[in-house]
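Notes for the one structure printed next.
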Amino acid sequence: MSLAAHFAELDQWLQQHQALWRAKPFTQPSLAWEADWPELAHWLRQRTLAEAEAAHHSPQQLQAPEPFAALAADSLRLSQLPRWQAELAEHLPEPLYRHIPGRKWQQITHFADVARAGLQRPATRWVDWCAGKGHLGRLLAWQGGQPLVCLEHDAALNQAGAALSQALAVAAQHRQADVLAPSCAEHLTGNDSIVALHACGQLHMTLLQQLVANHCRQLALAPCCYNRIDSECYQPLSSVARAAHLQLSRDDLALPMQETVTAGQRERQQRDRSMAWRLAFDLWQREARGIDSYLPTPSKPPGGTAQGFAGFCRSLTTHHQLHLPAPSDWRQLEARGWQRLAEVRNLELLRGLFRRPLEVWLLLDRALYLQKSGYRVQLGEFCPASLTPRNVLLLAEKQNP
1 MSLAAHFAEL
11 DQWLQQHQAL
21 WRAKPFTQPS
31 LAWEADWPEL
41 AHWLRQRTLA
51 EAEAAHHSPQ
61 QLQAPEPFAA
71 LAADSLRLSQ
81 LPRWQAELAE
91 HLPEPLYRHI
101 PGRKWQQITH
111 FADVARAGLQ
121 RPATRWVDWC
131 AGKGHLGRLL
141 AWQGGQPLVC
151 LEHDAALNQA
161 GAALSQALAV
171 AAQHRQADVL
181 APSCAEHLTG
191 NDSIVALHAC
201 GQLHMTLLQQ
211 LVANHCRQLA
221 LAPCCYNRID
231 SECYQPLSSV
241 ARAAHLQLSR
251 DDLALPMQET
261 VTAGQRERQQ
271 RDRSMAWRLA
281 FDLWQREARG
291 IDSYLPTPSK
301 PPGGTAQGFA
311 GFCRSLTTHH
321 QLHLPAPSDW
331 RQLEARGWQR
341 LAEVRNLELL
351 RGLFRRPLEV
361 WLLLDRALYL
371 QKSGYRVQLG
381 EFCPASLTPR
391 NVLLLAEKQN
401 P
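Per full-length UniProt numbering, the sequence shown starts with residue 1, numbered consecutively.
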């Protein structure tokens, strides 16, 4: 299937089912689609929080009433991408991975190996976009012997990265640069191979535009945080996506980011407690005010969960300048909040079927933009999802340079 045909089918499917993935169980006690599929709604609502957690990463495998299975099959088919295998070097000098957490280092090594293998021509100069200390670019430059330019706005990170590059005798320039500024173009040439691992939203959108404008020869990009953009509504890059049926808000762009694999048990417990207590507060304020509407609440109210459940709820009333009568039973209210959290997490499994398809829609927009601009483009997974859910790599190479 061509990139354009894949995009068109995805666009139609996402448009057709937008009432399902745009529904917000956390802020809406009842969802419009439940009237159409009451059996599915009841089945999801009676499940436990632990059951929801177990299905979070692979909702497509859940044996739920229809139309869940049909949607799951479509989700898998429409989001399928090649899985590239990395051939990792066994022995690398210690300065290459100094101070890098194990999971991040694995992402870097997988990315670097797949990028080198996937790009047809050897790089002339590597440019590490939003480089931090330049770990990714330094690995590529050390392995291939090419010069390296690292673009990073943080002077301390540049200084630390320069020391590591010097220790490895890598010909690297660590330049302090705001990659969002038009002046960043002065750092790029047509012979550059640009790499970026998990550049967020506007950072990688600007990268793509600068790549095309400066006729750079190669790109290896793993995007992240699609919702971190300057505008309230998504502005597609490709003419195909600009003419598409689907119109996306910044809030819509957050859906692919709702899968995480890095949180530890303690962090998950704290997150769940905060969410359950916020949901309990929501029940309380709706009933006490007699107004059935959600009030936005900070994820970490002043005092946090350390102040106890009642104190947590009262801090939210203070935040909203409300004067609510105390509930008859704080413990019962808290229990209702935990029950709501179980329902929310299970109802969100339906939205979860659309996480990856929406991400692939966004990736295809980027790929089609580059293809139209004269690049040969590939999309594929560079590492297992267990290392990072943002495991898709976009490779682009200028044709007939």
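Positions of the beta carbon are idealized from the N, C-alpha and C atoms, including for glycine. This one's a predicted model, so the numbers in the text were calculated from it and none came from an experiment.
**Asked** What residue from His319, Leu347, Arg138, Ala196 has the CA that sits closest to Leu44's CA?
**Response** As a position in the sequence shown, residue 44 is number 44, starting the count at 1. Among His319, Leu347, Arg138, Ala196, the Cα nearest to that of Leu44 belongs to Leu347.
**Asked** Hey, Arg250 and Asn227 are a contact pair by Cβ (cut 8 Å); roughly how many whole angstroms apart?
**Response** Reading the sequence shown from its first residue, position 250 is the one you call residue 250. Reading the sequence shown from its first residue, position 227 is the one you call residue 227. Confirmed, Cβ separation roughly 5 Å.
**Asked** If we ignore side chains and look at the alpha-carbon of each, how far apart do Tyr234 and Gln332 end up?
**Response** If you number the sequence shown from 1, residue 234 lands on position 234. If you number the sequence shown from 1, residue 332 lands on position 332. Taken atom to atom, the span from the alpha-carbon of Tyr234 to that of Gln332 is near 42 Å.
**Prompt:** Cβ of Ala367 within 7 Å of Cβ of Leu3?
**Reply:** Counting from one through the sequence shown, the residue named residue 367 turns up at place 367. Counting from one through the sequence shown, the residue named residue 3 turns up at place 3. Yes. Within cutoff.
**Message:** In this structure, how does DSSP classify Gln328 when only helix, strand and coil are distinguished?
**Reply:** Here residue 328 corresponds to residue number 328 of the sequence shown, with the count starting at 1. It is worth fixing the name first, because residue 328 is Ser in this sequence and not Gln. Correct three-state label for Ser328: coil.
**Asked** Counting along the chain, where does the alpha helix (DSSP H) carrying Ser193 start and finish?
**Response** Working through the sequence shown from its first residue, we reach residue 193 at position 193. Segment 192–200 is the beta strand (DSSP E) holding Ser193; no alpha helix (DSSP H) there.
**Asked** Taking one C-beta from the stretch 212–220 and one from the stretch 173–193 each time, how about it: are there three or more such pairs within less than 8 Å?
**Response** Segments in contact, yes.
**Request:** May I ask you to verify whether the stretch 284–297 touches the stretch 386–401, counting CB pairs closer than 8 Å and requiring at least 3?
**Result:** Because the criterion of three Cβ pairs below 8 Å is not met, the stretch 284–297 and the stretch 386–401 do not touch.
**Prompt:** Which two residues bound the contiguous alpha helix (DSSP H) that contains Gly132?
**Reply:** Stepping through the sequence shown from its first residue, residue 132 is reached at position 132. DSSP places Gly132 outside any alpha helix (DSSP H), giving it a letter other than H or E.
**Item:** Close-in-space but distant-in-sequence residues of the same chain around His204 (CB under 7 Å, 5 per side omitted)
**Value:** As a working mapping, residue 204 is identified with position 204 in the sequence shown. So the qualifying residues of the chain are Ala196, Leu221, Pro223.
**Prompt:** With distances taken between CB atoms, is the gap from Leu10 to Pro389 smaller than 7 Å?
**Reply:** As a first step, residue 10 is located in the sequence shown; it is residue number 10 there, counting from the start. As a first step, residue 389 is located in the sequence shown; it is residue number 389 there, counting from the start. For Leu10 and Pro389, no; Cβs fall outside 7 Å.
**Prompt:** Cα-Cα, which of Ala280, Val179, Ala288, Leu322 is closest to Glu334?
**Reply:** Stepping through the sequence shown from its first residue, residue 334 is reached at position 334. Measuring from the Cα of Glu334, the nearest candidate turns out to be Ala280.
**Prompt:** Can you tell which of Phe7, Gly303, Ser328 has the C-alpha that lies nearest to the C-alpha of Leu316?
**Reply:** As a first step, residue 316 must be located in the sequence shown, where it is residue number 316. Nearest C-alpha to Leu316: Gly303.
**Request:** Measure the C-alpha to C-alpha separation of Gln371 and Val377 and round it to an integer number of angstroms.
**Result:** Here residue 371 refers to the residue found at position 371 of the sequence shown. Here residue 377 refers to the residue found at position 377 of the sequence shown. If I take the Cα positions, the gap works out to 6 Å.
**Asked** With a CB to CB cut of under 7 Å and the five nearest residues on each side skipped, what residues in its chain are close to His135?
**Response** Mapped onto the sequence shown, residue 135 falls at position 135. Correct list, in chain order: Ile100, Ile108.
**Item:** DSSP state of Tyr369 mapped onto helix, strand, coil
**Value:** Locating residue 369 in the sequence shown gives position 369, counting from the first residue. In the structure shown, Tyr369 sits in a helix (DSSP, three-state: H, G or I).
**Asked** What are the complete beta strand (DSSP E) segments, minimum 3 residues, inside the stretch 15–100?
**Response** Runs found: none.
**Sheet register partners of Trp126 (DSSP bridge)** = For the purposes of this step, residue 126 is taken as the residue at position 126 of the sequence shown. Beta-bridge pairing links Trp126 to Leu148, Ser193.
**Asked** Grouping DSSP H, G and I as helix and E and B as strand, with all else coil, what is Ala220?
**Response** Residue mapping note: residue 220 aligns to position 220 of the sequence shown, counting from 1. Strand, per DSSP.
**Message:** Please identify the residue among Ser238, Leu139, Glu51 whose C-alpha is closest to the C-alpha of Ser373.
**Reply:** Stepping through the sequence shown from its first residue, residue 373 is reached at position 373. Closest in C-alpha terms to Ser373, from the list Ser238, Leu139, Glu51, comes Ser238.
**Item:** Pairwise C-alpha distance: Arg47 and Val344
**Value:** As a position in the sequence shown, residue 344 is number 344, starting the count at 1. As a position in the sequence shown, residue 47 is number 47, starting the count at 1. Linking Val344 to Arg47 through their CA atoms gives a straight-line distance of about 10 Å.
**Inter-stretch contact (C-beta, 8 Å, three-pair minimum) for the stretch 122–131 and the stretch 149–161** = In short, these stretches touch, since the Cβ pair count reaches three.
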